[in-house]
Amino acid sequence: MRAPHGTWQSPISAESITGSVTTITEAIVDPKTETVYHVESRPSEAGRNVLTESVTGREVTGPSKDWNVRTAVHEYGGLPATVNGGIAYFSHVKDNRVYKVDVTAKIPTLNLLLLVNNQAHRFAQICVHPTAPHLLVSVHEDHTIDEPASVVNNICLIDTNAQSVSVIVSGANFYAFPIFSPDGTRLAWQQWRCLGSAATLSKPITIAGQNNDVSVGWLSWASNSTLLFLSDVSGFSNPWKYDVDTNQSSPIFPKPIKEDFSEVMWSLGMFPYAVIDRDGRFGIFAAWRDGRSIFYLVDVKGRTRKELDSPYVKVDSVKTVSREKGQAVFIGGKANDFPTVVQCTVSGLDSDSLQVTFENLNPPGEVPFRKDMVSIPKGITLEVPPTGDPLHVVYYAPHNPQYEGSSIEGEKPPCVVNVHGGPTGLAYQSLRSTIQYFTSRGWAWLDVNYGGSCCYGRAYMDRLKGQWGPLDTEDCIKAAKLLSSSPHNLIDPKRTVIRGSSSGGLTVCTALSLSSDLDAFAAATSLYGVVDLVGLSAETHKFEAYYMISDVPGATTEEERKKILRERSPVHYADRIRSPLLILQGDIDRVVPKNQAQSMYDNILKAGGQAEFKLYPEEGHGWRKKETQKDALERELDFYERCLGLKTGTEGPGKL
């Protein structure tokens, strides 16, 4: 069967792909019992996060749906729970307090751990002392004065016997990864100050790091005397070690490799490696190559590595299970399967008969469509003329086994150009239902990992320094033009639309109003996107407030800074917009306040332009509820179909 691209009938509905699939956000291991747990987000329960035993699927907080295991530290959160000796400690996001529960009990009884009855205090990355388990350390964020300049971050000590909280490390702007040595005699942590982005600020005390020049972090003790971490001093984030006895840091590999072993730390739960032997010599490390995860077995003492065969294109939350058995777990996603908790077992570490096995501890979320419906990602590195600079993209071709192609000879498909957030984020190549929703209808999909994206080396990410807005926008326009022309000829340039969330929304709106080609895209969608940089710098949360400082070139005064930011803010250039824009926004978004979306919409209408606006109640920076996810997806597709004339009775490209 054949039909014009963009009009194919698809069995993949918004109803079927929203709410039915949970998202696994963290893998957690009890070091005493070696039991594996995970935190999962359930759209069908209004986005509630649940702490679950991975093998049995048992919710350890009991049958009540009141508990929400999530933290809002840094707003993006991460690692809201820990389990040690059968006792779980977790942050309940509704009141930000820490609770304790015996996960081995048949009927869990939850106890309030902290008597501090103040929702202004937030906790994340709780670590239990190995020999005095009544003592915990945690990243702590105090919002008593809830303004970016007044929010206080530190590391605190929680005494569960006394039910008290004491600040033990303070003075820096941000903290992460507080972790005790195996014998409990030392505490390591990461801290950084606000002189650049979250990717460039990491500076653990004494061990390593240079403000704005070297990013280090992701700490883990291999032994009582060896601390592992990652450093991008070579230009790529590679494994390093710190020797406590000599007070010296050194790279693990004799020569650095041109692969990043970490992403940008937007979430506190992200972790890329785990030690898997008793002596702390061997570790499983996840690195990035061509936008996909790969695995290495690293010999810390021998300073060698061996690449392991793996079917997983997206790996995160790597944790040690057993040093005696050579086991670790991680969240692994495939190109044709949703992420799940995977246990990796490595045997024969000291022999030539190395064996590696992967086992799903919990079944992946059921894919609500046949596997043969999946469009497989294709990573492409484009060469941008005239310099030949690399530009990394991921292309998904239209795919539906019910169709052989277009019924129109020579027709190229309409294309969705997707802009990831961050801006120093990355478009992953693991299965995403939203992409398949479009490709199964005869659309192409193009993820653009523009200059500034992580996991392609420091130099590629630093291209965005001082150029947030202009550079990412022009990269997206160039990517669309290159894919629509020879030698690729993959998409229809007149039926290309652009969408982006958060900072990607800034790219979208800049493309329509301030770019080199205001007609590059026939329609666009901004999901909780930035449009007013001056307003954002004044209103956004602490963790991202300092993006504005590092990303304004040539500004020596506050007045100059605001002038440049205003010149890059699409909200002031709505009269230049020619293409229809759909704006989707959460009502309680603290990262990008809703007044940004409202102002953009109002200004476009005042200028006589075409725009549609939907505000979702009780949604923040990203959709958590099933009904929101469903409505947003259906609304976006309908918008494009009307704009491109793919629906009967519509006027065609550029018209609503």
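As numbered in the working numbering, residues 45 to 700 make up the sequence shown, in order. Quick reminder that beta carbons are idealized off the backbone N, C-alpha and C, glycines included. For clarity, every value in this text was computed on a predicted model and none was experimentally measured.
Look at residue 578 and residue 550 and say whether their C-beta atoms are less than 7 Å apart. Against the sequence shown, residue 578 aligns to sequence position 534. Against the sequence shown, residue 550 aligns to sequence position 506. No, Cβ-Cβ distance for residue 578 and residue 550 is not below 7 Å.
Nearest to residue 612 by alpha carbon, out of 552, 626, 668? By one-based count along the sequence shown, residue 612 stands at place 568. Of 552, 626, 668, the residue nearest in Cα terms is 552.
Please classify residue 430: does DSSP put it in a helix, a strand, or coil? In the sequence shown, residue 430 corresponds to position 386, counting from 1. Note: residue 430 maps to coil in three-state DSSP.
Among 106, 143, 110, the one whose alpha carbon lies nearest that of residue 124: To locate residue 124, count along the sequence shown from 1; it is residue 80. Of the candidates 106, 143, 110, the one whose C-alpha sits nearest the C-alpha of residue 124 is 143.
Taking the alpha carbon of residue 643 as the reference point, which residue from 634, 635, 629 has its own alpha carbon closest? Taking the sequence shown and counting its residues from 1, the one referred to as residue 643 is at position 599. Per the Cα distances, 629.
In the structure shown, what three-state DSSP assignment does residue 154 receive? In the sequence shown, residue 154 corresponds to position 110, counting from 1. In the structure shown, residue 154 sits in a strand (DSSP, three-state: E or B).
Nearest to residue 219 (by Cα), restricted to the options 146, 311, 138, 202: The count along the sequence shown starts at 1 and reaches residue 219 at position 175. Taking only the C-alpha atoms, the option nearest residue 219 is 311.
Would residue 178 be called buried (16 or more neighbouring beta carbons within 10 Å of its own) or exposed? Counting from 1 along the sequence shown, the entry for residue 178 is found at position 134. The residue is exposed, with fewer than 16 neighbouring Cβ atoms inside 10 Å.
DSSP-derived helix/strand/coil call for residue 580: For the purposes of this step, residue 580 is taken as residue 536 along the sequence shown, with counting starting at 1. Helix, per DSSP.
Going by Cα to Cα distance, which pick from 687, 430, 673 is closest to residue 87? Your numbering for residue 87 matches position 43 in the sequence shown. Out of 687, 430, 673, 673 has the C-alpha closest to the C-alpha of residue 87.
Compare the Cα-Cα distances from residue 564 to each of 571, 589, 528 and report the closest residue. Counted from its first residue, the sequence shown places residue 564 at position 520. Looking at the Cα atoms, 528 is the closest of the given residues.
Tell me which residues share the same chain as residue 249 and place their Cβ nearer than 7 Å to its Cβ, disregarding the 5 neighbours each side in the sequence. Against the sequence shown, residue 249 aligns to sequence position 205. Here residue 249 scores only 44 on pLDDT, less than 50, and its place in the model should not be relied on; the value that follows carries that caveat. Cβ within range, chain order: 235.
In angstroms, rounded to a whole number, what distance separates the CA positions of residue 513 and residue 233? By one-based count along the sequence shown, residue 513 stands at place 469. By one-based count along the sequence shown, residue 233 stands at place 189. If I take the Cα positions, the gap works out to 33 Å.
With C-beta atoms as the reference, is residue 389 less than 7 Å away from residue 370? To locate residue 389, count along the sequence shown from 1; it is residue 345. To locate residue 370, count along the sequence shown from 1; it is residue 326. Yes.
When you compare only the Cα positions, how much space is there between residue 443 and residue 485? The count along the sequence shown starts at 1 and reaches residue 443 at position 399. The count along the sequence shown starts at 1 and reaches residue 485 at position 441. Using only the alpha carbons, I get a separation of about 8 Å.
When the Cα atoms are used, what is the spatial distance from residue 317 to residue 229? If you number the sequence shown from 1, residue 317 lands on position 273. If you number the sequence shown from 1, residue 229 lands on position 185. C-alpha separation (whole angstroms): 23 Å.
Is any heavy atom in the ligand SAM found nearer than 6 Å to the beta carbon of residue 428? In terms of ligand content, the structure shown is empty, and the ligand SAM therefore cannot be addressed.
Count the other CB atoms, across all protein chains shown, that sit within 10 Å of the CB of residue 465; report buried if there are 16 or more and exposed otherwise. Counting from 1 along the sequence shown, the entry for residue 465 is found at position 421. Result: buried.
Contiguous beta strand (DSSP E) assignments of at least 3 residues, all confined to the stretch 85-154: 92-97, 125-128, 131-136, 141-146
Thinking C-alpha only, which one of 284, 94, 639, 305 is nearest residue 584? Numbered from its first residue, the sequence shown carries residue 584 at position 540. Selected option, being the one with the closest Cα: 639.
Is the distance from the Cβ of residue 498 to the Cβ of residue 191 below 7 Å? On the sequence shown, position 454 is the one that residue 498 refers to. On the sequence shown, position 147 is the one that residue 191 refers to. The answer is no: Cβ separation not under 7 Å.
For the beta strand (DSSP E) containing residue 446, name the first residue and the last one. Here residue 446 is taken as the residue at index 402 of the sequence shown, counted from 1. Here residue 446 belongs to no beta strand (DSSP E), and DSSP marks it neither H nor E.
Considering only their Cβ atoms, is the gap separating residue 555 from residue 21 smaller than 7 Å? Since the first residue shown for the chain is 45 and the last is 700, residue 21 is missing from the structure and cannot be characterised.
Where residue 428 and residue 439 are concerned, what is the direct C-alpha to C-alpha distance, given to the nearest angstrom? Sequence index remark: in the sequence shown, residue 428 carries index 384 (1-based). Sequence index remark: in the sequence shown, residue 439 carries index 395 (1-based). Using only the alpha carbons, I get a separation of about 17 Å.
Residue 363 in three-state terms, based on DSSP: As a working note, residue 363 is residue 319 in the sequence shown. Residue 363: strand per DSSP, three-state reduction.
Where the alpha helix (DSSP H) through residue 649 begins and ends: Walking along the sequence shown from the start, residue 649 turns up at place 605. Start and end: 638-650.
Among the residues of its own chain, which have a CB less than 7 Å from the CB of residue 520, if the five just before and after it don't count? Start at 1 with the first residue of the sequence shown, and residue 520 comes out as number 476. These residues qualify, in order along the chain: 461, 463, 492, 494, 542, 551, 555.
For residue 77, which of 59, 127, 60, 49 has the nearest alpha-carbon? Translated into positions along the sequence shown, residue 77 becomes position 33. Ranking 59, 127, 60, 49 by Cα distance to residue 77 puts 127 first.
I need the straight-line Cα distance from residue 313 to residue 73, nearest angstrom please. On the sequence shown, position 269 is the one that residue 313 refers to. On the sequence shown, position 29 is the one that residue 73 refers to. Each residue's Cα considered, the two are about 13 Å apart.
Rounded to whole angstroms, how far is the Cβ of residue 480 from the Cβ of residue 56, which I believe are closer than 8 Å? Here residue 480 refers to the residue found at position 436 of the sequence shown. Here residue 56 refers to the residue found at position 12 of the sequence shown. 6 Å between Cβ atoms; contact.
When 332, 627, 108 are compared against residue 754, the one with the closest alpha-carbon: The structure shown has nothing for residue 754, since the chain only spans 45 to 700.
Just curious, the alpha helix (DSSP H) that residue 605 is in, first and last residue? Taking the first residue of the sequence shown as 1, we reach residue 605 at position 561. Where residue 605 is concerned, the enclosing alpha helix (DSSP H) stretches over 602-611.
Ends of the alpha helix (DSSP H) at residue 515? In the sequence shown, residue 515 corresponds to position 471, counting from 1. Per DSSP, residue 515 belongs to the alpha helix (DSSP H) from 514-528.
Distance between residue 504 and residue 405 (C-alpha atoms, nearest Å): Position 361 of the sequence shown, counted from the start, is the residue given in the question as residue 405. Position 460 of the sequence shown, counted from the start, is the residue given in the question as residue 504. Roughly 36 Å separates the two Cα atoms.
Taking 7 Å as the threshold (C-beta atoms), are residue 275 and residue 284 in contact? Mapped onto the sequence shown, residue 284 falls at position 240. Mapped onto the sequence shown, residue 275 falls at position 231. For residue 284 and residue 275, yes; Cβs fall inside 7 Å.
Skipping 5 residues on each side, what residues in its chain have a beta carbon closer than 6 Å to that of residue 53? Your numbering for residue 53 matches position 9 in the sequence shown. There are no such residues.
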